[in-house]
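Sequences listed follow chains A and B, in order.
According to the working numbering, the first sequence holds residues 6 to 307 in order.
According to the working numbering, the second sequence holds residues 258 to 512 in order.
To start, the structure under review is shown below, and the notes come after it.
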Amino acid sequence: MHVYLPIAEVSVNALLILALGGGVGMLSGLFGVGGGFLMTPLLIFVGIPPAVAVATGTNQIAAASFSGLLTHLRRRTVYIKMGIVMLLGGIAGSALGVQVFALLREIGQVELAVGLCYVVFLGTVGSLMLVESLQAAANLRRGRKRQHRRHGWIHHLPLKMRFRQSNLYISAIPPFLIGAMVGVLAAIMGVGGGFIMVPAMIYLLGMATAVVVGTSLFQILFVAIFTTLAHAITNQTVDVMLAFLLIVGGVVGAQVGARIGPRLRAEQLRILLALLVLAVCLKLGWDLVRHPDELFVLGGVG
Amino acid sequence: MGRLALALMLAALALPASAVGEEVVAGLSQTRVSITTSFTGSEIFVFGAVKREAPAPEGKIDVIVTVSGPSRPVLVRKKERRFGVWVNGPGVQIDAAPSFYAVKTTGPFREIISWTEELRRQVGLAEVIRLIDAPDWLVGERGDYLEAVVRVRENQGLYFIDEGGVSLVEETLFETNVALPANLVEGDYEARILLLRGLDVVDEHRTTIPVRKVGMERFLHSLAMELPAVYGVASVVLALFSGWAASALFRYFVP
Numbered sequence: 006m007h008v009y010l011p012i013a014e015v016s017v018n019a020l021l022i023l024a025l026g027g028g029v030g031m032l033s034g035l036f037g038v039g040g041g042f043l044m045t046p047l048l049i050f051v052g053i054p055p056a057v058a059v060a061t062g063t064n065q066i067a068a069a070s071f072s073g074l075l076t077h078l079r080r081r082t083v084y085i086k087m088g089i090v091m092l093l094g095g096i097a098g099s100a101l102g103v104q105v106f107a108l109l110r111e112i113g114q115v116e117l118a119v120g121l122c123y124v125v126f127l128g129t130v131g132s133l134m135l136v137e138s139l140q141a142a143a144n145l146r147r148g149r150k151r152q153h154r155r156h157g158w159i160h161h162l163p164l165k166m167r168f169r170q171s172n173l174y175i176s177a178i179p180p181f182l183i184g185a186m187v188g189v190l191a192a193i194m195g196v197g198g199g200f201i202m203v204p205a206m207i208y209l210l211g212m213a214t215a216v217v218v219g220t221s222l223f224q225i226l227f228v229a230i231f232t233t234l235a236h237a238i239t240n241q242t243v244d245v246m247l248a249f250l251l252i253v254g255g256v257v258g259a260q261v262g263a264r265i266g267p268r269l270r271a272e273q274l275r276i277l278l279a280l281l282v283l284a285v286c287l288k289l290g291w292d293l294v295r296h297p298d299e300l301f302v303l304g305g306v307g
Numbered sequence: 258m259g260r261l262a263l264a265l266m267l268a269a270l271a272l273p274a275s276a277v278g279e280e281v282v283a284g285l286s287q288t289r290v291s292i293t294t295s296f297t298g299s300e301i302f303v304f305g306a307v308k309r310e311a312p313a314p315e316g317k318i319d320v321i322v323t324v325s326g327p328s329r330p331v332l333v334r335k336k337e338r339r340f341g342v343w344v345n346g347p348g349v350q351i352d353a354a355p356s357f358y359a360v361k362t363t364g365p366f367r368e369i370i371s372w373t374e375e376l377r378r379q380v381g382l383a384e385v386i387r388l389i390d391a392p393d394w395l396v397g398e399r400g401d402y403l404e405a406v407v408r409v410r411e412n413q414g415l416y417f418i419d420e421g422g423v424s425l426v427e428e429t430l431f432e433t434n435v436a437l438p439a440n441l442v443e444g445d446y447e448a449r450i451l452l453l454r455g456l457d458v459v460d461e462h463r464t465t466i467p468v469r470k471v472g473m474e475r476f477l478h479s480l481a482m483e484l485p486a487v488y489g490v491a492s493v494v495l496a497l498f499s500g501w502a503a504s505a506l507f508r509y510f511v512p
């Protein structure tokens, strides 16, 4: 079943797109990641122009994160206060990211910058997560209790706020900066940023794992809405037909993920996510260094 | 008087074939292409006949059919290896390249049309892709960049030459099918039918085929271009509604 996409101006197999949305949506529900880091490369791989893939991806992330967020709200695993601090950072970061993106487009290095960003961030986050989760799993097996909080430089920053739900009393600066960084990445890479935010909240802020997923979804939702609007208004690259197919697949997948998530062991989940992140990182890294089949690239005139 | 008539007759015989009065009469299976939601490409059947006032002269007749999409500037970049990573080099702006270009002929291109006619009628890909203001550094590589446009678009199924793709019956009737791929760009496409005799073009027939999005495709595309804010808000609302609906449905069925 083929569908012609009005903005992307290509014809795609609707079932393939539905499956793509479903698979990525399940990750959203399971891990609290929007799944954009997989969605954008996959869409480009099936023939969607990169600019449309990035913009439409953010629209799909809005739907998936909203669906996931509703489930987490009912379960009371969203920490709104922390979410708002991170969201403020996210909006600021996204606005900055749009400017950086425009500059990269001017010098024709979007592809390279996006590729490098993916490799660096996915590589770092993936390895850290893998090491940590393997250690945690080993400790758990030996019956040792997981260490929850470390006191470090983060606890000496000003603007301290009390985050009661997570039993935290820390400065508002680190969550704001994490949010801002995620916002920049959202605009440049077309991702929600959960893959960097979730580990940052656990390992840097020391938040309880239970509220991390819901809280990151809260931040992702609003940053995704902001970014979708920005793309639609400045670049006209949001393909609503493509978004609809991704959303239908995605929301179903997200629900399935959110429901099977609690039945799985957290440590195993994190090992799984870490391996997935590393796999995408390796693939993208390989694409940057291997000899390309076609040395020339065509683009519209910007 | 008789001598003058004879002279005219001789003159007529000496003139190139075009003066004999061979004309091309052609038709297309569709006069427009509508891009609907289920559009997966289209096929245009081009057919016609050679109209003659007098019996066909000696020699072979040939037909070239071209279909070209709207011409637009293209930016071409060449990747270079720097620090072990492949980086986009400086871009070269090609002034015009058709979004689609199909050539169908009755025989090998070089054997049926002369260089002069090819150039004058702008038939070959070398003529339809134009690079006027090339930067100085490009001198040696100009050809590489132009060839790259052709190669990349050929791989996308947007450019093709089918030598022998036009069938000609009794030196009079001809027909061919031109396949339009699914990744078509909107605009006015031009179909040309060239009638050739002895490497020269005897007659040319042109028609425009409008390729347009229709219905839902048309509506969404124009909304996105003309009222981007409304379109953006609608996309977000659709996303949020779908997210909520899925959540609600699942709660209803799987408490």
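Every residue gets a Cβ at the ideal spot worked out from N, C-alpha and C, and that includes glycine.
| Asked | Found |
| --- | --- |
| Assigned secondary structure, Y488/B (DSSP; H/G/I helix, E/B strand, else coil) | helix |
| Beta-carbon contacts of G422/B that lie in its chain and below 6 Å, excluding the five residues immediately before and after | K361 and T433 |
| Counterpart residues of I321/B in DSSP-defined beta bridges | T362/B and L451/B |
| 8 Å contact criterion, which L222/A and H77/A should meet: CB distance rounded | 6 Å |
| Residues bridged to P467/B (per DSSP) | D445/B |
| Minimum Cβ-Cβ distance from H462/B to chain A less than 9 Å | no |
| Whole-Å CB distance - L109/A paired with A100/A, under 8 Å assumed | Between A100/A and L109/A the Cβ distance is about 16 Å, and since that is not below 8 Å, they are no contact. |
| Local conformation of G381/B per DSSP, three classes | coil |
| Segment limits, alpha helix (DSSP H) that includes Y402/B | R399 to N412 |
| Beta-carbon proximity check, L47/A vs G262/A, cutoff 9 Å | no |
| 9 Å Cβ cutoff met for V285/A and Y123/A | yes |
| Residues sharing a beta bridge with V435/B, DSSP | I301/B |
| Cβ-based burial, T465/B [other Cβ within 10 Å; buried from 16] | exposed |
| CB contact below 9 Å: I238/A versus chain B | yes |
| Separation of M246/A from V203/A, as counted between CA atoms | 30 Å |
| Whole-angstrom distance between F431/B and N459/B, CA atom to CA atom | The question names Asn, yet the displayed sequence has Val at residue 459/B. Approximately 15 Å between the Cα atoms of the pair. |
| Nearest candidate by alpha-carbon position, reference L121/A, set M194/A, I265/A and G219/A | M194/A |
| Buried or exposed (CB count within 10 angstroms, at least 16 for buried), F340/B | exposed |
| Residue from L287/A, V196/A and V294/A whose Cα sits closest to the Cα of A56/A | V196/A |
| Cβ distance (whole Å) where S16/A is taken to contact T297/B below 8 Å | 5 Å |
| Collapsed DSSP secondary structure at E420/B in the structure displayed | coil |
| Bridge-paired residues (DSSP) for V302/A | R334/B |
| F302/B burial status per 10 Å Cβ neighbour count (16 or more: buried) | exposed |
| Proximal residues to R513/B (C-beta, below 8 Å), its chain only, five neighbours per side dropped | This structure gives no information on residue 513/B, because the portion of chain B shown stretches from 258 to 512. |
| Under the three-state DSSP convention, the category H311/A falls into | As displayed, chain A neither begins before 6 nor continues past 307, which places residue 311/A out of reach and without an answer. |
| Amino acids of chain A, ordered along the chain, whose beta-carbon sits closer than 7 Å to that of E474/B | Y9 and P11 |
| Every unbroken alpha helix (DSSP H) within the region 234-277 of chain A, with a cutoff of 4 residues, ordered by chain | 245-265 |
| Separation of R79/A from H153/A, as counted between CA atoms | Confidence at H153/A is low in this model, with a pLDDT of 49, below 50, so the placement of that residue is unreliable and no value is reported for it. |
| Cα-Cα separation between T4/A and G211/A, rounded to whole angstroms | In the structure displayed, chain A extends from 6 to 307; residue 4/A sits before or after that span and is not available. |
| Burial state of S70/A, where buried means 16 or more other Cβ atoms lie within 10 Å | buried |
| Contact with chain B by A259/A, beta-carbon distance below 9 Å | yes |
| Classification of W372/B by the beta-carbon crowding that lies within 10 angstroms, buried from 16 upward | exposed |
| With 16 other Cβ atoms within 10 Å as the buried cut-off, status of P54/A | buried |
| Exposed unless 16 or more other CB atoms sit within 10 angstroms - verdict on I386/B | buried |
| Segment limits, beta strand (DSSP E) that includes P297/A | Per DSSP, P297/A belongs to no beta strand (DSSP E) and is neither H nor E. |
| Contact with chain B by R154/A, beta-carbon distance below 9 Å | Legend: pLDDT at R154/A = 48, less than 50; position of this residue unreliable, value from coordinates given subsequently. Not one chain B Cβ lies under 9 Å of R154/A. |
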